[in-house]
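Counting from 1, one number per residue, gives the positions in the sequence shown under full-length UniProt numbering.
For reference, the structure discussed in these notes is given below.
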Amino acid sequence: MNTATYELIAANSTVNAVAAFVGGLFIAGALVWAVLLGIRVRSKELPPPLPEEQPRLPDTGAVHEEREVREPDEVPLAADESERLMPYNLHAAGSRHADDQHRKRWVPGSSGSFGSGGPGRT
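This is the structure in structure tokens:
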């Protein structure tokens, strides 16, 4: 190799080092700008609520789960075959409160888990 090649390699590595340094400065500047922008945006937001503004439990205590037995609410039949059912003819929910609130229990001897191979309810 001759000296021109060595000079070219040395110049190329110097240019690469300067380019990496300038790129690092650009990235660091972008990060500083992003942090300053975040601080500016955060200062314009409402402050967090005070402890007395926080939600609290009602005087009656926590709301408890209610269980009820529901049964399907069948779609009413139209009086005439040509009559269309309109949305106001239907009920709001697909199920309704059952008159018998006794929970149906598992009957021994009836089917077990799905696919157990048993005869089922006999």
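Heads up, the beta-carbon is just placed ideally off N, CA and C, and yes, glycines get one too.
Hey, out of the options, whose CA is closest to residue i's CA?
i	options	result
glutamate 66	Leu85, His97 and Pro72	His97
lysine 104	Gly23, Glu68 and Asn89	Glu68
histidine 102	Ser95, Pro76 and Arg70	Arg70
glutamate 74	His91, Arg40 and Ser43	His91
Rounded to the nearest angstrom, how far is the Cβ of residue i from that of residue j, given a contact under 8 Å?
i	j	result
proline 72	serine 95	6 Å
leucine 85	alanine 78	6 Å
Residue ranges of each beta strand (DSSP E) run of no fewer than 3 residues wholly in the region 30–117, ordered along the chain? 70–72 and 95–97
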